[in-house]
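Here is the structure we will look at, set down as structure tokens.
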Amino acid sequence: MTDVAFQGEFGAFSEEAVRSACGRDATPVPCRTLRDLFDTIEAGRAALGVIPVENSRAGSIPESYDLLLQRALVIRGEVAVRVEQCLMAMPGTAIADVRRVYSHPQALAQCEGYLRAIGAEAVAVYDTAGGARALQEGAEPGAAAIASARAAEIYGLDLLARGIQDDPDNTTRFYVVGAPGPAVPDGPGAPRTVIALALRDDDAPGALFWSLGTLAFWKINLLRIESRPSRRRPWHYHFYLELDIAADSSAFRGARRELEGRTALISVLGSFPAATFPA
5 MTDVAFQGEF GAFSEEAVRS ACGRDATPVP CRTLRDLFDT IEAGRAALGV
55 IPVENSRAGS IPESYDLLLQ RALVIRGEVA VRVEQCLMAM PGTAIADVRR
105 VYSHPQALAQ CEGYLRAIGA EAVAVYDTAG GARALQEGAE PGAAAIASAR
155 AAEIYGLDLL ARGIQDDPDN TTRFYVVGAP GPAVPDGPGA PRTVIALALR
205 DDDAPGALFW SLGTLAFWKI NLLRIESRPS RRRPWHYHFY LELDIAADSS
255 AFRGARRELE GRTALISVLG SFPAATFPA
């Protein structure tokens, strides 16, 4: 049985990602923050972790990318989870009574239209299921939470509405992280590799263009690019690239050699099979 860390309380969508990635025999280990999750794995209290990196509506989770570059863990897989957001409250509460809704900022962003329609104030907390748990622990008149249907069951709340996300195909993608090792889950998906790049401080205009051109020369398809502020200097950035190739391929090795000569930093954050997205 494998201990797998996730950010949030039991009933969070990240806990569902643990089951999807590592099977029903995995033991989910809740962590309050993403930084706590990395600490838990590095201290040996869990073998793996799942971290959210992107939602189909609300976009990227920047802290996940920062931690991947700052810490020693690597990406060993990915999993996609269909997210059905639900409105819940203490028994006896009606939708017309709801004045404040607690949830993770990503969940609130995914349900922005619904919250506007019911005239409720969005209040950000550290986790979707954590917001549900807080309702149980301190009954607040007019308060509700957005979380999974399972969270309502766990914390004894009434489901007031299901599927309140603005996008019916709302999906969150998670990376599976851990010490270097085999892919998790190990499936037939197309190979993916994630790298981080930093340009040189003295690079001339076009430096990023030529770096990306190196990938094109080696016929490597760029699937996604994300930029995050660098700690080296203000207005300098790290670029995170997701590539449609395996890290052990000859084309990737050739491109990496060239990029090492063009950039201040190139770091391979992981190579793994792509996830199958929910239909």
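The sequence shown lines up with residues 5 to 283 when you count with the working numbering. Backbone N, C-alpha and C define an ideal beta-carbon position, used for all residues, glycine too.
Three-state secondary structure assigned by DSSP to residue i
i                : result
proline 95       : coil
glutamate 46     : helix
valine 132       : First, the amino acid is wrong: residue 132 is threonine here, not valine. It is helical.
threonine 288    : Nothing about residue 288 can be read from this structure; the chain reaches only from 5 to 283.
threonine 31     : strand
phenylalanine 17 : helix
valine 22        : helix
glutamate 58     : strand
alanine 200      : strand
Residue i: CB within 7 Å of a non-hydrogen atom of the ligand ATP
i           : result
glycine 167 : Absence of the ligand ATP from the depicted structure is noted, as is the absence of any ligand whatsoever, leaving it without description.
Cβ pair residue i, residue j closer than 8 Å
i                 : j                 : result
valine 181        : glycine 53        : yes
valine 8          : alanine 50        : yes
alanine 259       : tryptophan 222    : yes
alanine 111       : arginine 204      : no
glycine 15        : alanine 136       : yes
phenylalanine 276 : arginine 80       : yes
valine 105        : tyrosine 179      : no
alanine 143       : methionine 94     : yes
leucine 163       : leucine 139       : no
proline 34        : glutamate 20      : no
valine 102        : alanine 124       : yes
alanine 84        : phenylalanine 281 : yes
threonine 6       : threonine 31      : yes
arginine 261      : tyrosine 69       : no
glutamate 116     : alanine 278       : no
Sheet register partners of residue i (DSSP bridge)
i             : result
tyrosine 69   : Partner(s): none; tyrosine 69 has no beta bridge.
tyrosine 106  : Val127, Ala149
alanine 353   : Examination of residue 353 is not possible in this model, given that the chain is present from 5 through 283 alone.
glutamate 230 : Tyr244
threonine 175 : Arg86
glutamine 11  : Cys35
valine 188    : Bridge partners of valine 188: none, in fact.
Pick from the options that is closest to residue i, judged by C-alpha positions
i              : options                        : result
glutamine 11   : Ala25, Cys26, Asp40, Asp248    : Asp40
glutamate 67   : Thr37, Asp43, Ala93, Ala47     : Thr37
isoleucine 229 : Phe243, Gly96, Tyr118          : Phe243
serine 263     : Ala30, Pro282, Thr218          : Before going further, note that residue 263 is leucine rather than serine in the sequence given. Nearest C-alpha to leucine 263: Thr218.
isoleucine 249 : Leu227, Arg235, Tyr241         : Leu227
glutamine 169  : Leu73, Ala121, Gln74           : Ala121
arginine 166   : Pro145, Glu141, Tyr118         : Tyr118
proline 145    : Asp29, Ala98, Ser234, Asn225   : Ala98
alanine 194    : Ser215, Arg235, Asn225, Gly210 : Asn225
serine 234     : Gly210, Leu71, Asp29, Ile55    : Leu71
leucine 245    : Pro238, Leu216, Arg266         : Leu216
glutamate 46   : Ala278, Tyr159, Val78          : Val78
glycine 191    : Ile65, Cys26, Phe17            : Cys26
Quick one: any contact between the segment 272-281 and the segment 197-211, if contact means 3 or more CB pairs under 8 Å? yes
With three or more beta-carbon pairs closer than 8 Å as the criterion, would you say the segment 123-135 touches the segment 169-177? no
Cβ pair count under 8 Å reaching 3, the segment 146-164 against the segment 78-95: Verdict: yes, contact present.
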